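One structure is given here, and the rest of the page talks about it.
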Amino acid sequence: MNHQELIIKLQQGDDSAFAMLVEENQDMVYNTALVIVQNADDADDITQEVFIQAYQSISSFKSGSKLSTWLYRITVNKTLDYKKKMNRKKRLGFVQSLFGAHTNEEVRLIVFDHPGLQLEKKESAAVLFNALKQIPYKQRIAFTLHKIEGQSYQEIAEIMKTTLPSVEALMSRAKVNLKNKLSNYYIQ
Amino acid sequence: MNQNKRINVLINEALNSVDNINRGSPKPFLLTRIYARMNHQTESIWEKIGWFIGRPAIAFLSLCIFLVINVLVLVLNKTSAQTMPIEQITQTPADEFSYTVATIYDLENTQP
Chain A
209 MNHQELIIKL
219 QQGDDSAFAM
229 LVEENQDMVY
239 NTALVIVQNA
249 DDADDITQEV
259 FIQAYQSISS
269 FKSGSKLSTW
279 LYRITVNKTL
289 DYKKKMNRKK
299 RLGFVQSLFG
309 AHTNEEVRLI
319 VFDHPGLQLE
329 KKESAAVLFN
339 ALKQIPYKQR
349 IAFTLHKIEG
359 QSYQEIAEIM
369 KTTLPSVEAL
379 MSRAKVNLKN
389 KLSNYYIQ
Chain B
398 MNQNKRINVL
408 INEALNSVDN
418 INRGSPKPFL
428 LTRIYARMNH
438 QTESIWEKIG
448 WFIGRPAIAF
458 LSLCIFLVIN
468 VLVLVLNKTS
478 AQTMPIEQIT
488 QTPADEFSYT
498 VATIYDLENT
508 QP
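Taken in sequence, the protein lines are chains A and B.
Per our numbering, the first sequence starts with residue 209, numbered consecutively.
Per our numbering, the second sequence starts with residue 398, numbered consecutively.
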């Protein structure tokens, strides 16, 4: 089944086409979400939400664009939603702490360990992922899409619905920020 | 100098550590879990309302409107109390406790 046939079948509500879409793209979606949110369970949740969204809004998919770009875009939007949800939880926790209530949420101090890393690179990568967590969210997304997922700047611009110069600026700032964070870490 | 060099090497090592990284995979039976989630995904109207009210912009705006209404009510009450004529102030209790109000008996029995 080629790309065009798959889209047509998806738009017709074909279950086998949807199963194929999930099968072919689950690692791509999961890996992107995993690097951005740095939590396996949350990334799994986001992956499910991405495919549900894809299933529900396949009718709005424009035949001219790439299916992977569209899925990346949904993933990025879902990770942004996730971040907003986390911020809401933080605010709620803060308000609850003001009134003396104890929140059950544990502080996540676990070092993120990506399952696809080579053993000898695990230590350096852990430092990089920790630095990645500290830079602005859009820079993190652009860096992840380029460095981990191997997307070109043009493709990132399409995914993030922005211009090529904006992506270049985002990447440049991301690299500078990451170098600063890494430098601070290694100096200590 | 040597330390700077060493740090630069470590930074580059960290930045290049994710090159040729393999993709991670989600837990097994993703498709089954997606279908299960789709079947249970019936968000109630109250959840939607809660989500809408819980948005910081909406919550802040509502608080502002509430405060403005309170301040307006206070200011308007104060000004109307100040502008009330003295006669009216004295008249009001007099009206309320007046014994000179004509009753139905007074109207019917005008003659003693």
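C-beta atoms are modelled at their ideal positions from N, C-alpha and C, and glycine is treated no differently.
None of the values given here were measured: they were computed from a predicted structure.
Under the Cβ criterion (8 Å, minimum of three pairs), the stretch 356-370 of chain A counts as touching the stretch 272-287 of chain A. The DSSP-derived three-state label of Met435(B) is helix.
A contact is defined here as three or more CB-CB pairs under 8 Å, and the stretch 223-235 of chain A meets this definition with respect to the stretch 249-269 of chain A. Rounded to whole angstroms, the gap between the alpha carbons of Gly221(A) and Tyr432(B) is 13 Å. Cβ-Cβ distances below 6 Å link Lys389(A) to Ala339 and Gln342 in the same chain, with the five nearest sequence neighbours on each side left out; the list follows chain order. Here Asn239(A) is buried. Its C-beta has 16 or more other C-beta atoms within 10 Å. Close partners of Pro425(B) in chain A (Cβ separation under 9 Å) are lacking, with about 11 Å as the shortest Cβ gap.
By the Cβ-count criterion, Ser332(A) is buried, with 16 or more other Cβ atoms from all chains shown falling within 10 Å of its own Cβ. Chain B places no beta carbon closer than 8 Å to that of Pro344(A), leaving this residue out of the contacts. Within the stretch 434-465 of chain B, those residues whose Cβ lies closer than 9 Å to any Cβ of chain A are, in chain order, Arg434, Met435, Gln438, Gly451, Arg452 and Pro453.
Beta-carbon to beta-carbon, Ala456(B) and Ile450(B) are separated by about 7 Å, close enough to satisfy the 8 Å threshold. Closest by C-alpha distance to His322(A), out of Ser224(A), Lys292(A), His211(A) and Asp249(A), is Asp249(A). Between Ile254(A) and Lys286(A) the beta-carbon gap is near 5 Å, inside 8 Å, which marks them as a contact. Contact between the stretch 402-420 of chain B and the stretch 380-395 of chain A is established, with three or more Cβ pairs separated by less than 8 Å. A straight line joining the alpha-carbon of Trp448(B) with that of Arg403(B) spans about 50 Å. Residue-level contact check: Asn399(B) does not touch chain A, since none of the beta carbons of chain A fall below 8 Å from its beta carbon. When DSSP states are grouped into helix, strand and coil, Gly358(A) belongs to the coil group. Using beta-carbon distances, Leu428(B) counts as an interface residue toward chain A, with a partner under 8 Å.
Residue state for Thr370(A) is assigned as coil, using DSSP reduced to three classes. Annotation: Lys291(A) to Ala251(A) spans about 12 Å, alpha carbon to alpha carbon. Distance from the Cα of Lys298(A) is smallest, within the candidate group Trp443(B), Ser422(B) and Pro453(B), for Pro453(B). Val245(A) and Ser224(A) have their alpha carbons spaced roughly 30 Å apart. Beta-carbon to beta-carbon, Leu279(A) and Val237(A) are separated by about 6 Å, close enough to satisfy the 8 Å threshold.
Residue environment analysis places Thr429(B) among the exposed positions, since fewer than 16 neighbouring C-beta atoms fall within 10 angstroms of its C-beta.
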